[in-house]
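Below is one structure, written out as structure tokens; the observations come after it.
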Amino acid sequence: DFKNPEELEQILDLKIPMQSSSHDQLLHYCEQVFKYSVKTAHPHFFNQLYAGLDPYGFAGQVVTDVLNTSIYTYEVAPVFVLMEKYLLRHVRQLIGYEGGDGTFSPGGSYSNMLGMNLARFNKFPQVVRVGMRGLPRIVAFVSSQNGAVPFLVVGTCGTTVLGAFDPVDEIADICQDNNIWLHIDAAWGGGVLLSSKHRHLCKGIHRSDSVAWNPHKMMMAPLQCCIFVTKHDSVMKNCQSIQVPYLFQPDKTLYSPEYDIGSKVIQCGRKVDVFKLWLMMKAHGNIGLESRINKAFDNAQYLAELVKKTDGFKLVCDVSPECTNVCFWYLPKRLRKLEWRLDDKAFCQKVAAVPPIVKEKMTTSGSLLVGYQPLAGMPSFFRMVVINDELTKSDMHFVINEIDKLGQDI
12 DFKNPEELEQ ILDLKIPMQS SSHDQLLHYC EQVFKYSVKT AHPHFFNQLY AGLDPYGFAG
72 QVVTDVLNTS IYTYEVAPVF VLMEKYLLRH VRQLIGYEGG DGTFSPGGSY SNMLGMNLAR
132 FNKFPQVVRV GMRGLPRIVA FVSSQNGAVP FLVVGTCGTT VLGAFDPVDE IADICQDNNI
192 WLHIDAAWGG GVLLSSKHRH LCKGIHRSDS VAWNPHKMMM APLQCCIFVT KHDSVMKNCQ
252 SIQVPYLFQP DKTLYSPEYD IGSKVIQCGR KVDVFKLWLM MKAHGNIGLE SRINKAFDNA
312 QYLAELVKKT DGFKLVCDVS PECTNVCFWY LPKRLRKLEW RLDDKAFCQK VAAVPPIVKE
372 KMTTSGSLLV GYQPLAGMPS FFRMVVINDE LTKSDMHFVI NEIDKLGQDI
């Protein structure tokens with residue numbers, strides 16, 4: 012039941028009142044929230060790099076919110092501190108790290124920032140004392156030009172649009188030869204580490220120094236659930252720790268201060284994100300989660316083949332998708348007889364005009380939600396993100412048929 016912003020503002024009572032509201036009014040507000048919000052757990056939601064809802068993860072999130080604690084000291088979050096210790100160790104083992112450290116973070120971009128912060132400290136540990144003014148000019152990439160000192164290379168396992176995987180082993184060779192920190196953004200593609208069939212896509216990831224991974228994406232953990240890990244044991248503490256005495260007391264006698272883990276992260280206080288993922292992994296086990304990942308890849312491959320053989324649809328990449336992103340153009344009937352020429356500006360403008368119109372129609376009808384975007388000078392195309400484990404082959408056919416129904420007369 013889509014409404015534009017102006018309409019929705021008129022429907023909803025958004026002002027904060029001076030007096031309290033009745034329970035009936037509050038229930039009405041909740042009903043309105045459900046009515047006018049996007050149901051991202053629906054099988055036909057393909058708009059973002061997350062979808063579905065794992066029931067065990069949801070239960071874990073409810074328990075976490077009921078307990079309403081912050082995971083910075085053992086004394087206020089004893090169970091969750093230990094859970095995080097064991098789960099992050101399990102993630103590092105999946106990657107191939109022998110030791111190391113880690114944390115849950117409030118987003119993949121934040122995890123990437125942590126990787127950059129630790130890389131800078133690794134190259135110039137004096138930065139915590141003298142700041143950036145005491146350092147030479149540095150660059151976050153491999154470059155020897157203009158006197159800049161390279162300190163970080165970032166590789167990607169699963170790009171946002173095409174789902175591409177960088178050759179991590181080759182990148183690691185360069186970083187190793189030049190003593191440069193290698194951070195891997197696996198926020199999207201990290202889920203393949205659970206699959207013996209697909210983990211080769213991350214070949215060489217064990218040679219990295221740090222990894223960002225968002226289980227709320229391919230693994231379907233409730234938002235948000237983001238992990239940062241590093242192979243280095245003490246670098247997080249040495250780089251980021253500030254021992255504020257009102258929270259972290261080194262003379263505690265009940266337990267070792269090492270369990271007060273809030274001192275090693277920038278924001279100190281954190282929402283507990285570990286339990287929902289821990290409960291999911293307990294419920295499904297590695298084998299069950301591997302099956303979920305493999306099914307997503309199978310569905311994506313099936314959709315790609317369907318696109319190839321359906322009139323009016325064309326894959327953006329001629330090769331099979333590396334991940335579960337399926338990117339394609341849709342051509343309404345009036346454009347199908349035109350010669351396909353991406354070097355023809357007029358033709359590209361016509362192709363690019365189609366996705367916004369189809370997106371408007373699917374949004375207002377509520378039949379499905381698929382994202383679109385341009386890339387590298389190419390006209391806008393649809394990006395299907397196939398991860399919901401409730402999807403079947405019939406859903407893939409529905410998407411193709413629905414887009415064609417909505418767009419054929421454009």
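Counting in this note's numbering, the sequence shown runs from 12 upward without gaps. Note that beta-carbon positions come from the ideal geometry of N, C-alpha and C, so glycine has one too.
From residue i to residue j, what distance separates their C-alpha atoms?
i: THR374; j: GLU413; result: 12 Å
i: ASP138; j: GLN251; result: Note that residue 138 is Val in the sequence shown here, rather than Asp. Roughly 11 Å separates the two Cα atoms.
i: ALA357; j: LEU349; result: 11 Å
i: GLY418; j: HIS408; result: 15 Å
i: ASN225; j: HIS34; result: 37 Å
i: MET230; j: GLU301; result: 9 Å
i: VAL362; j: THR171; result: 22 Å
i: GLY169; j: TYR40; result: 39 Å
i: GLN11; j: GLU269; result: Since the displayed the chain opens at 12 and closes at 421, residue 11 lies outside it and no answer follows.
i: GLY2; j: PHE132; result: As shown, the chain starts at 12 and ends at 421. That puts residue 2 outside it, with no answer to give.
i: ALA311; j: VAL330; result: 13 Å
i: ILE195; j: PRO28; result: 47 Å
i: ALA315; j: ASP400; result: 17 Å
i: GLY111; j: ASN249; result: 13 Å
Identify the continuous alpha helix (DSSP H) that holds residue i and give its terminal residues.
i: LEU317; result: 285 to 319
i: ILE421; result: Neither: ILE421 is in no alpha helix (DSSP H) and is coded neither H nor E.
i: GLU371; result: 365 to 376
Is any heavy atom of the ligand ADP found at a distance shorter than 8 Å from the C-beta of residue i?
i: GLU316; result: Only the bare structure without any ligand can be found here, which leaves the ligand ADP out of the picture.
In terms of DSSP beta bridges, what is residue i paired with?
i: PHE358; result: DSSP lists no partner for PHE358.
i: ILE238; result: PHE115 and TRP224
i: GLY382; result: ARG394
i: TYR341; result: PHE324
i: SER81; result: LYS282
i: MET389; result: LEU386
i: ASN249; result: Bridge partners of ASN249: none, in fact.
Just reading off the beta strand (DSSP E) that residue i is part of, what are its end residues?
i: HIS194; result: 192 to 196
Quick one: using the 10 Å Cβ neighbour count with 16 as the cut-off for buried, is residue i buried or exposed?
i: ILE368; result: exposed
i: ASP355; result: exposed
i: LEU105; result: buried
i: TYR7; result: The displayed coordinates of the chain run from 12 to 421. Any statement about residue 7 would go beyond what the structure contains.
i: GLN360; result: exposed
i: PHE115; result: buried
i: LYS293; result: exposed
i: PRO332; result: buried
i: SER48; result: exposed
i: GLU20; result: exposed
i: ASP262; result: exposed
i: ILE191; result: buried
Please confirm if residue i has its CB atom under 9 Å from at least one CB of chain D.
i: GLN21; result: Included in the structure is just one protein chain, with no chain D present.
Can you give, in chain order, each stretch of the beta strand (DSSP E) that sits fully within the stretch 87 to 175 and has at least 3 residues?
-> 112 to 116 and 163 to 167
Please list the segments of the alpha helix (DSSP H) lying wholly inside the stretch 19 to 79, counting only runs of 4 or more residues, in order along the chain.
-> 34 to 47 and 66 to 78
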